[in-house]
Amino acid sequence: MNGANCLLLKMKKSQNNKSKSTSTEVLYMQHSQVMVVYTEKTDREIWASFKEGEETAFNFIYRKYVGDLYNYGMQVCHEDEWVRDCLQSMFVDIRKRRKRLGDVTSIKGYLFTIFHRELFKLIKARRKGNEPFVSMDGGEQFYIEASHETKLIAEEFSDERKKEIEIALNQLSQRERQAIILLYQEDLSYKEIAAIMDFKEVKTARTLVYRAMGKLKGIFKV
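Note that the sequence shown covers residues 1 to 222 in the UniProt record's numbering.
In structure tokens form, the structure reads like this:
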């Protein structure tokens, strides 16, 4: 290949790369614009769009909530593979059944309710199959770990203080810890917590949280 042909080939490759880069930038800008549009909509409107088959609505829902769901799942069982499997299965299922799903006013509450139920079903099934269940205290409890993702423990606290809070939280019962993490870490309402934890009445969730907070105050007074 002579010098002129080499130069032409390089110019062609450069043009192709620029074209690909431009296409990628355009797609990214379009995606960002779509995401902005959805942030201005209510959960009811977003869910309606998702049910009607808008893939961008599904992508928005996935991107917005998958991180919170993953962090919650890891607080429950500390098994990365199990949590990821459950999340994938859940999102595939709701995407497949979207037209048959009911109306939703709180997407986060809805997803947490389904994920909580499906994750515990998965844990139960895999434990029956003799797969190891990892828990921070070696038992079967829902254990809260003081991680960077956990909003329960402020970043400005010292490591020693974080450890004290972590120990205190894990002196609560399993249900109390679940309620605390859903309320204070995930910012869910008492109504949503009641649905997730399968309580018949909202006041049960509220009473559970109050009792847990009372115990924590008592622990820190000691």
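C-beta: ideal position from N, C-alpha, C; glycine also.
Chain-order list of residues whose beta-carbon lies under 7 angstroms from that of residue i (same chain, five-residue window excluded)
{"i": "residue 208", "result": "175, 176 and 179"}
{"i": "residue 101", "result": "51 and 94"}
{"i": "residue 205", "result": "179, 190, 193, 194, 197 and 199"}
{"i": "residue 43", "result": "104, 105, 106 and 107"}
{"i": "residue 91", "result": "62"}
Burial state of residue i (16 or more Cβ within 10 Å)
{"i": "residue 73", "result": "buried"}
{"i": "residue 203", "result": "exposed"}
{"i": "residue 220", "result": "exposed"}
Through-space distance from residue j to residue i, alpha-carbon basis
{"i": "residue 211", "j": "residue 55", "result": "43 angstroms"}
{"i": "residue 198", "j": "residue 106", "result": "16 angstroms"}
{"i": "residue 213", "j": "residue 195", "result": "20 angstroms"}
{"i": "residue 308", "j": "residue 58", "result": "Residue 308 is absent from the structure shown; the chain starts at 1 and stops at 222."}
{"i": "residue 115", "j": "residue 68", "result": "11 angstroms"}
{"i": "residue 63", "j": "residue 125", "result": "28 angstroms"}
{"i": "residue 97", "j": "residue 186", "result": "26 angstroms"}
{"i": "residue 218", "j": "residue 163", "result": "17 angstroms"}
{"i": "residue 89", "j": "residue 168", "result": "34 angstroms"}
Close Cβ partners of residue i (< 8 angstroms) along its chain, the five nearest in sequence each way excluded
{"i": "residue 172", "result": "180, 212, 215 and 216"}
{"i": "residue 201", "result": "194"}
Residue i versus the options, residue with shortest Cα-Cα distance
{"i": "residue 110", "options": "202, 169 and 65", "result": "65"}
{"i": "residue 71", "options": "202, 182, 203 and 201", "result": "182"}
{"i": "residue 99", "options": "53, 117 and 91", "result": "53"}
Own chain residues within Cβ distance below 6 angstroms of residue i, not counting five before or after
{"i": "residue 46", "result": "38 and 57"}
{"i": "residue 123", "result": "77"}
{"i": "residue 112", "result": "196"}
Cβ contact check for the segment 78-90 and the segment 179-192: 3 or more pairs under 8 angstroms: no
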